[in-house]
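The numbers in numbering that gives the first Met the number 0 rise by one with no breaks, and the one at position 194 of the sequence shown is 193.
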Amino acid sequence: MKNFCEIKNVVFDLGGVLLEWNPEKIVAQAFDNPSTGNLIMREIFLHPDWLKFDGGELTESQAIRFFAQKTGRSEEDIEKLMNVYRNSLSPFPESIDFFYELKKEKFKLFCASNIHPSIFRKLTKSHQFLKEFDGVLVSGKIGILKPNPAFYKHLIDAYALSPQETVFIDDKPENVDAAVLLGMHGIVFNTVKNCRRRLHELRGIV
0 MKNFCEIKNV
10 VFDLGGVLLE
20 WNPEKIVAQA
30 FDNPSTGNLI
40 MREIFLHPDW
50 LKFDGGELTE
60 SQAIRFFAQK
70 TGRSEEDIEK
80 LMNVYRNSLS
90 PFPESIDFFY
100 ELKKEKFKLF
110 CASNIHPSIF
120 RKLTKSHQFL
130 KEFDGVLVSG
140 KIGILKPNPA
150 FYKHLIDAYA
160 LSPQETVFID
170 DKPENVDAAV
180 LLGMHGIVFN
190 TVKNCRRRLH
200 ELRGIV
């Protein structure tokens with residue numbers, strides 16, 4: 000006989016789950032030259048230095064100067080890149096419908112994302128649903144990135160969550176695995192349909 004769970008809390012990642020996150024598309028939109036695009040991908044988005052920004056070690060203006068010096072591009076070029084990046088983080092309509100579906104069912108909804116707080120603040124001005132979470136934890140504010148266990152402990156403590164009543168949804172398996180190690184339920188996101196089905200399975204809903 001299966002033991003089903005009483006899930007009260009749903010924690011969402013942002014990029015790749017609720018918002019589009021496509022570095023290749025961002026770079027292609029910001030730079031016409033393929034060789035320049037490859038440089039930007041290699042030295043910014045695919046480089047560990049990007050985590051300094053997501054982790055809050057750099058302000059947005061500091062990141063622009065840092066990446067300009069690193070790549071040999073002008074600060075204007077990198078500022079354009081950052082604007083394209085921010086504007087590219089557009090909601091997935093089906094995911095937002097799912098968000099409101101869960102909200103209507105009275106789940107407590109939380110956001111847990113590796114993102115700079117200035118980027119998140121600007122996104123909230125454009126997307127209403129980002130203002131409707133019951134709690135938000137962004138890496139750049141606390142200086143800790145997923146999948147560091149301290150990130151999840153901070154989330155649990157900040158909002159007094161019971162891990163056994165919480166499901167963590169993220170598109171990266173390593174981030175989900177870290178949540179599961181701390182007692183939460185985990186769903187690796189690929190489609191809303193599969194995510195909904197897996198949540199139903201956890202709750203014992205056929």
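Ideal placement from N, C-alpha and C gives every residue a C-beta, glycine not left out.
Which partner residues does residue i have in the DSSP bridge list?
{"i": "Lys-105", "result": "Lys-105 is not bridged to any residue."}
{"i": "Asp-156", "result": "According to DSSP, which records beta bridges pairwise, Asp-156 is partnered with nothing at all."}
{"i": "Ser-112", "result": "Val-137"}
{"i": "Leu-18", "result": "Gly-14, Pro-90"}
Check this for me: beta carbons of residue i and residue j, under 8 Å apart or not?
{"i": "Ile-186", "j": "Ile-168", "result": "yes"}
{"i": "Asp-53", "j": "His-153", "result": "no"}
{"i": "Ser-87", "j": "Asn-21", "result": "yes"}
{"i": "Leu-201", "j": "Ile-6", "result": "yes"}
{"i": "Ser-138", "j": "Gly-55", "result": "yes"}
{"i": "Leu-18", "j": "Ser-89", "result": "yes"}
{"i": "Lys-145", "j": "Ala-177", "result": "yes"}
{"i": "Ser-117", "j": "Glu-74", "result": "no"}
Using the C-alpha atoms, what's the distance from residue j back to residue i?
{"i": "Ile-63", "j": "Asp-76", "result": "9 Å"}
{"i": "Cys-194", "j": "Trp-49", "result": "29 Å"}
{"i": "Met-183", "j": "Asp-12", "result": "14 Å"}
{"i": "Ile-155", "j": "Val-135", "result": "11 Å"}
{"i": "Lys-69", "j": "Ile-39", "result": "10 Å"}
{"i": "Asn-82", "j": "Glu-100", "result": "31 Å"}
{"i": "Phe-150", "j": "Asp-31", "result": "37 Å"}
{"i": "Phe-97", "j": "Arg-85", "result": "23 Å"}
{"i": "Phe-66", "j": "Pro-172", "result": "29 Å"}
{"i": "Glu-131", "j": "Ser-125", "result": "13 Å"}
{"i": "Met-0", "j": "Thr-123", "result": "A caution first: Met-0 carries a pLDDT of 38, below 50, which makes its placement in the model unreliable, though a value can still be read off. Going from the Cα of Met-0 to the Cα of Thr-123 covers about 44 Å."}
{"i": "Gly-197", "j": "Glu-42", "result": "Reading off the sequence, residue 197 comes out as Arg, not Gly. When rounded, the distance between both Cα atoms is 37 Å."}
{"i": "Pro-148", "j": "Cys-110", "result": "16 Å"}
{"i": "Lys-79", "j": "His-199", "result": "43 Å"}
{"i": "Leu-45", "j": "Leu-57", "result": "17 Å"}
{"i": "Pro-47", "j": "Glu-104", "result": "39 Å"}
{"i": "Arg-72", "j": "Lys-51", "result": "19 Å"}
{"i": "Phe-188", "j": "Asp-170", "result": "4 Å"}
{"i": "Asp-133", "j": "Ala-27", "result": "36 Å"}
Between which two residues does the beta strand (DSSP E) carrying residue i extend?
{"i": "Leu-136", "result": "134–137"}
{"i": "Gly-185", "result": "184–187"}
{"i": "Val-166", "result": "165–169"}
{"i": "Val-10", "result": "8–11"}
Can you give the beta carbon distance from residue i to residue j, rounded, assuming they're within the 8 Å contact cut?
{"i": "Val-175", "j": "Leu-108", "result": "The pair is not a contact, with the Cβ atoms about 17 Å apart (cut-off 8 Å)."}
{"i": "Ser-208", "j": "Val-166", "result": "There is no way to answer for residue 208, as the model of the chain reaches only from 0 to 205."}
{"i": "Cys-4", "j": "Gln-127", "result": "That belief does not hold up - the Cβ atoms of Cys-4 and Gln-127 are roughly 30 Å apart, past 8 Å."}
By the DSSP assignment, the alpha helix (DSSP H) with residue i in it spans what residues?
{"i": "Arg-120", "result": "116–125"}
{"i": "His-46", "result": "Taken as a continuous stretch (DSSP letters only), His-46 belongs to no alpha helix (DSSP H), as it is neither H nor E."}
{"i": "Pro-172", "result": "172–180"}
{"i": "Arg-196", "result": "191–202"}
{"i": "Asp-58", "result": "For the sequence presented, residue 58 should be read as Thr rather than Asp. Per DSSP, Thr-58 belongs to no alpha helix (DSSP H) and is neither H nor E."}
{"i": "Asn-147", "result": "From DSSP, Asn-147 is part of no alpha helix (DSSP H); its letter is neither H nor E."}
{"i": "Gly-36", "result": "33–39"}
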